[in-house]
Each structure stands twice: as structure tokens, then as C-alpha cells.
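Read the structure below first, then the notes.
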Amino acid sequence: RKEVEQDPGPFNVPEGATVAFNCTYSNSASQSFFWYRQDCRKEPKLLMSVYSSGNEDGRFTAQLNRASQYISLLIRDSKLSDSATYLCVVRTPGGYQKVTFGTGTKLQVIP
Amino acid sequence: DGGITQSPKYLFRKEGQNVTLSCEQNLNHDAMYWYRQDPGQGLRLIYYSQIVNDFQKGDIAEGYSVSREKKESFPLTVTSAQKNPTAFYLCASSMMGDPNEKLFFGSGTQLSVL
Numbered sequence: 451r452k453e454v455e456q457d458p459g460p461f462n463v464p465e466g467a468t469v470a471f472n473c474t475y476s477n478s479a480s481q482s483f484f485w486y487r488q489d490c491r492k493e494p495k496l497l498m499s500v501y502s503s504g505n506e507d508g509r510f511t512a513q514l515n516r517a518s519q520y521i522s523l524l525i526r527d528s529k530l531s532d533s534a535t536y537l538c539v540v541r542t543p544g545g546y547q548k549v550t551f552g553t554g555t556k557l558q559v560i561p
Numbered sequence: 488d489g490g491i492t493q494s495p496k497y498l499f500r501k502e503g504q505n506v507t508l509s510c511e512q513n514l515n516h517d518a519m520y521w522y523r524q525d526p527g528q529g530l531r532l533i534y535y536s537q538i539v540n541d542f543q544k545g546d547i548a549e550g551y552s553v554s555r556e557k558k559e560s561f562p563l564t565v566t567s568a569q570k571n572p573t574a575f576y577l578c579a580s581s582m583m584g585d586p587n588e589k590l591f592f593g594s595g596t597q598l599s600v601l
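Read top to bottom, the protein sequences are chains A and B.
Heads up: the first sequence runs through residues 451 to 561, numbered per the working numbering.
Heads up: the second sequence runs through residues 488 to 601, numbered per the working numbering.
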């Protein structure tokens, strides 16, 4: 089983739609969780951290379920500019803080 | 503006040649990392460094070498021993000590083999 798993997509959704991505992780000791956004052939950029209580940033909502070991990202009122690949990132304590990236979920918002 | 600068943006390597990718940061971050990204795959860690003059192998270090002579700089050399070097290389840095420490990335170098 991969340490961090994501549905690769692509998710093709119309403008204004609500879309949700899930990500599962295998190590129950994982401590910190993030969603990064990556545009084609560009560097990943932090979208938001994911907190135990769930958190929201404008149209974006992140949730963490430690019991089931998954995190989710919800995007409301999708914009064309949301088209990108969304990377789930998990940090686990270790000799150094081990960071594991998911393979990413591709989102295409269609006019 | 603080940030991470990678150069060059595109790099071509001939067979048997060593090439070096540059990574410089002015964020005063302690930790620096090199990742490789192949199409359809997640980022994979090549090397990381938590302090000057010290670095550790990541998951796919074979065929690569690094140095950390200055806090700001963490160059990556792709040696001739790396048989499949074509990939997108990303340098990152972070401030250590915070369990929620975030990674900041450079803009990447696309390496291709001639």
C-alpha cells in the first residue's frame, strides 16, 4: 500500500460546481497534513494546511479524519483558474520530519 | 523578496556527462531538499540537508550528489551514473523545529538527455 494515495483523476467539472478530493495515508503516526496546488511544469505551492478541527479558506475547505486516516479538500464554486493538480502531503515524525507526497489529483474546470 | 531560486530552468545533458543544478535561498531556512518529479508520479526525495556541511540520502539518491557549504546554497549534481535523469527537479526549503513547517519550492529545472 502506498504511503499516501490519491485518485489521479482527471476530474472534469463545469464552472460553479463543487468538487471534492480525498487522500488516504497509511502511517497512523503522521502528524501534519497539507494540500499543495501545482500547475503544469511549475513548482507546488501551498494551498492550505489541514487541521484536526477542519479549516476553511474562502471557497476551499479541508478536513482531516484521523480514525479513517484520510484528508479531504472541497472546492466550492469552481473557477477556471482552479484547474491544476492538487497534491496531498503528509508529514510523519522521524529522524527528520519525513514528508510524503501523493501523486496528485488533476482538476479541469470547464467553461 | 525572499525566496528560492533554481537555475537553469532547462538543462540538457549528454550521455556520460555530469551536470549541476543550482538552488539558492534567502529565507534563512535551515533545511533544504531536492526532489525529482516524473510524469504521473509524486515527488520523490533525492537528498536533504538540515544543517551546513551535513546532508542525508533520500529515497532515490543513487546517481546524484550534493553539497551544503553555505546555508543558502544546496547544489545537486546529476552524475553519469544516473541512467534515467530526464525529469523535473525541484528544490525546496523549510524552517526546522515547527511540526507544521511548510515547504517552499523553487520554480524547478527540467533536465533532458540529448
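Each residue gets a CB set at the ideal place from its N, CA and C atoms; glycine is no exception.
Being a predicted model, the structure only gives us computed values, none of them experimental.
Query, Result
"Excluding the 5 residues preceding and the 5 following residue 476 of chain A in the sequence, name in chain order all residues of the same chain whose CB lies nearer than 6 Å to its CB.", "451 and 453"
"To test your reading of the DSSP string, which unbroken beta strand (DSSP E) runs of 3 or more residues are found completely within the segment 469–535 of chain A?", "469–475, 482–488, 495–500, 505–507, 510–515 and 520–525"
"Residue 553 of chain A: which of A:543, A:559, A:560 and A:534 sits nearest, CA to CA?", "A:534"
"Interface residues of chain A around residue 575 of chain B at Cβ under 7 Å?", "491"
"How many Å lie between residue 505 of chain A and residue 512 of chain A at the Cα?", "5 Å"
"Is there a C-beta anywhere in chain B that falls below 8 Å from the one on residue 549 of chain A?", "yes"
"Going by DSSP, what residues sit across from residue 453 of chain A in a beta bridge?", "DSSP lists no partner for residue 453 of chain A."
"Considering residue 524 of chain B, what are the terminal residues of the beta strand (DSSP E) in which it resides?", "518–524"
"What is the DSSP secondary structure of residue 491 of chain B, counted as helix, strand or coil?", "strand"
"Using a Cβ-Cβ cut-off of 8 Å (strictly less than) and excluding sequence neighbours within five positions of residue 590 of chain B, which residues of its own chain qualify?", "520, 579, 580 and 581"
"Using a C-beta to C-beta distance shorter than 7 Å, which residues of chain B count as neighbours of residue 524 of chain A?", "Ordered by position in chain B, no residue passes the 7 Å Cβ test against residue 524 of chain A, which lies about 21 Å from the chain."
"Does DSSP put residue 574 of chain B in a helix, in a strand, or in coil?", "strand"
"Roughly how many whole angstroms lie between the Cα atoms of residue 551 of chain B and residue 561 of chain A?", "44 Å"
"Quick one: what's residue 550 of chain A bridged to in DSSP?", "A:540"
"Measure the Cβ-Cβ separation of residue 524 of chain A and residue 488 of chain A and say whether it is below 8 Å.", "no"
"Chain A beta carbons: is any one of them nearer than 8 Å to that of residue 594 of chain B?", "yes"
"Please report how far the alpha carbon of residue 485 of chain A lies from the alpha carbon of residue 500 of chain A, in whole angstroms.", "7 Å"
"Does the contact criterion of 3 or more C-beta pairs under 8 Å hold for the segment 558–578 of chain B versus the segment 509–520 of chain B?", "yes"
"Measure from the alpha carbon of residue 515 of chain A to the alpha carbon of each residue in A:493, A:531, A:551 and A:482, then state which is nearest.", "A:482"
"Could you name the residues of chain B that residue 494 of chain A contacts, counting a contact when the two beta carbons are closer than 7 Å?", "592"
"List, in order along the chain, the chain A residues whose C-beta lies closer than 9 Å to that of residue 601 of chain B?", "Residues of chain A passing the Cβ test: none, with the nearest at roughly 19 Å."
"What are the residues of the segment 524–541 of chain B that lie near chain A, defined by any Cβ-Cβ distance shorter than 7 Å?", "527, 528, 529, 530, 535 and 537"
"If you run the structure through DSSP and keep just helix, strand and coil, what is residue 539 of chain B?", "coil"
"Where does residue 465 of chain A land, buried or exposed, given buried means 16+ other C-beta within 10 angstroms?", "exposed"
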